[in-house]
Amino acid sequence: MQDNARRRMTLSARVLAHGVTAASHRLVAALLTMLILSTGVIAADVRADPAADALAQLNELSREAEQTTEAMHSAQLSLDAAVAAQDVAERRNVNDLAAATVARAELTTYQGAVDEVAAAEYMDGPTDGLTGILTANSPQQLIEQLAVKNAMGTEMVTTMRRFREARARADTAERVSATSAAEARTAAEQASAVRAELQAKQSRLRSQIAAVKSRYDALTPDQRAALAALPPPVDAPSPGPDVLAGGEVVPPIDGVPPGAVTAPDAAPPAGGGFGNAAVVQAALTRIGSPYSWGGSGPNAFDCSGLIMWAFQQTGKSLPHSSQSLAAGGQPVARGDLQPGDIVTFYSDVSHAGIYIGDGMMVHASTYGTPVRVAPVDSSPFHNARRY
Numbered sequence: 012m013q014d015n016a017r018r019r020m021t022l023s024a025r026v027l028a029h030g031v032t033a034a035s036h037r038l039v040a041a042l043l044t045m046l047i048l049s050t051g052v053i054a055a056d057v058r059a060d061p062a063a064d065a066l067a068q069l070n071e072l073s074r075e076a077e078q079t080t081e082a083m084h085s086a087q088l089s090l091d092a093a094v095a096a097q098d099v100a101e102r103r104n105v106n107d108l109a110a111a112t113v114a115r116a117e118l119t120t121y122q123g124a125v126d127e128v129a130a131a132e133y134m135d136g137p138t139d140g141l142t143g144i145l146t147a148n149s150p151q152q153l154i155e156q157l158a159v160k161n162a163m164g165t166e167m168v169t170t171m172r173r174f175r176e177a178r179a180r181a182d183t184a185e186r187v188s189a190t191s192a193a194e195a196r197t198a199a200e201q202a203s204a205v206r207a208e209l210q211a212k213q214s215r216l217r218s219q220i221a222a223v224k225s226r227y228d229a230l231t232p233d234q235r236a237a238l239a240a241l242p243p244p245v246d247a248p249s250p251g252p253d254v255l256a257g258g259e260v261v262p263p264i265d266g267v268p269p270g271a272v273t274a275p276d277a278a279p280p281a282g283g284g285f286g287n288a289a290v291v292q293a294a295l296t297r298i299g300s301p302y303s304w305g306g307s308g309p310n311a312f313d314c315s316g317l318i319m320w321a322f323q324q325t326g327k328s329l330p331h332s333s334q335s336l337a338a339g340g341q342p343v344a345r346g347d348l349q350p351g352d353i354v355t356f357y358s359d360v361s362h363a364g365i366y367i368g369d370g371m372m373v374h375a376s377t378y379g380t381p382v383r384v385a386p387v388d389s390s391p392f393h394n395a396r397r398y
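Add 11 to the 1-based position in the sequence shown for our numbering, that's all there is to it.
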């Protein structure tokens, strides 16, 4: 009987232990599940950084606007060229029409003379010598008749030659006039197409600018400050950034002490001499200037506008278009970059800056970020040019 009691107690203990173990397993599983879920939430919280997302969205919108801006600059240059070609074609056509009018008038004059000669020949009848002999009353009259006939024949030959020449000139003038008229129409159509393209880009840019400004306005003060923060200054040679070639003084940007941001030491670039060093100095005086779509200085810039302005200070005229800048000048290998060279970026060549040495450039980067010095490697490199 005691053995039965002991067996029942042992069995109860085993059942209890099994229950406790199962409950423990369930508890551990529940705790692990909670831990995994909480870890996922924490990871999700780490990944979803609203501040970083806001800046990323602003950068993306700004890149799109910059692409449109530089494409618009190129379209404006194309329009200028198309309008100039149209003007040349139209002026050529005006001249060709005038030449055709003169040629037709000349042809009309000779046509009248030819008609008169033909009428006289018809009225006088055959002009052979036998007729003269048979109709002459005396040898003297025969001589006179033959002389007149010879003179009339010579005049007719001359008149016919001039008539044929005038007709050829008139025909040529008509063909040239028709060709130049067609060229003028084609030039006008091309100018109209480029103008429509430019207007479409301008409309798209206005929408993109509105989107960028809206996104920028939604940033916190700290985010805006991070965008506008200037990098630390770098050392530079003389002359100071306030003085350009020829001794012209450029006023410093508000909030940036004169000489605070300058270019690194470098030898004068080949082909550019001190002029390109002066380009660098001019650009560096604009450190801190705000970015502005289409801006070309002196107080606000886009990327190609800053380059155009800096070169203007040294007497050089460059186009306000990163794509045109990438196509002009002298090609420079990346390993041969010298201060004052122009560096361009992205496959569509929608950004550009001025190389200042030591792998750095000065550029107008994007809305909300002032003109600043940055590494050339900060954007996908396209090519470099020396002017």
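Glycine included, each C-beta is placed from N, C-alpha and C at the ideal position.
Reduced DSSP category for residue i - H, G, I as helix; E, B as strand; rest coil
i, result
"Q341", "strand"
"G316", "helix"
"H362", "strand"
"H393", "strand"
"A100", "helix"
"H374", "strand"
"G346", "helix"
"S333", "helix"
"G123", "helix"
"S5", "The structure shown has nothing for residue 5, since the chain only spans 12 to 398."
"T325", "coil"
Range covered by the alpha helix (DSSP H) that runs through residue i
i, result
"R235", "P232 to A239"
Delimiting residues of the beta strand (DSSP E) encompassing residue i
i, result
"T355", "I353 to F356"
"R297", "It is not in any beta strand (DSSP E) - R297 carries neither H nor E in the DSSP assignment."
"P386", "R383 to P386"
Residue i and residue j closer than 8 angstroms at C-beta
i, j, result
"V3", "F392", "One cannot answer for residue 3 here, as it falls past the ends of the chain, which runs 12 to 398."
"V125", "T190", "no"
"V373", "V387", "no"
"G339", "R396", "yes"
"S85", "Q323", "no"
"A184", "A114", "yes"
"M319", "S300", "no"
"M69", "V223", "What sits at residue 69 in the sequence shown is Leu, not Met. Yes, the pair counts as a contact, with Cβ atoms nearer than the cut-off."
"V400", "I220", "Residue 400 lies beyond the residue range present for the chain, which begins at 12 and ends at 398; the question has no answer from this structure."
"D313", "T80", "yes"
"A239", "T380", "yes"
"A195", "A100", "yes"
"V187", "D107", "yes"
"S315", "L336", "yes"
"L216", "M371", "no"
"L72", "Q234", "no"
"V118", "A177", "According to the sequence as given, residue 118 is Leu; it is not Val. Their beta carbons are under 8 angstroms apart, which means L118 touches A177 by this criterion."
Alpha carbon of residue i to alpha carbon of residue j, nearest angstrom
i, j, result
"A111", "T120", "14 angstroms"
"S358", "P350", "23 angstroms"
"Q341", "V105", "39 angstroms"
"A204", "E166", "56 angstroms"
"N394", "V343", "8 angstroms"
"A76", "V382", "17 angstroms"
"G251", "A198", "Residue confidence for G251 is low, a pLDDT of 42 falling below 50, so the modelled location carries little weight; the figure read from the coordinates is stated next. Near 49 angstroms, if we compare the C-alpha coordinates of A198 and G251."
"Y398", "N310", "24 angstroms"
"A116", "A93", "35 angstroms"
"Q87", "D64", "34 angstroms"
"A288", "D369", "14 angstroms"
"A229", "T377", "17 angstroms"
"D91", "Q122", "46 angstroms"
"Q213", "S303", "14 angstroms"
"F356", "A181", "55 angstroms"
"H331", "G305", "9 angstroms"
"R206", "R172", "50 angstroms"
"R297", "K327", "18 angstroms"
"A237", "R226", "15 angstroms"
"L295", "D98", "40 angstroms"
Proximity test, Cβ basis, 8 angstroms: residue i and chain B
i, result
"R396", "Of the protein chains in this structure there is only one, and it is not chain B."
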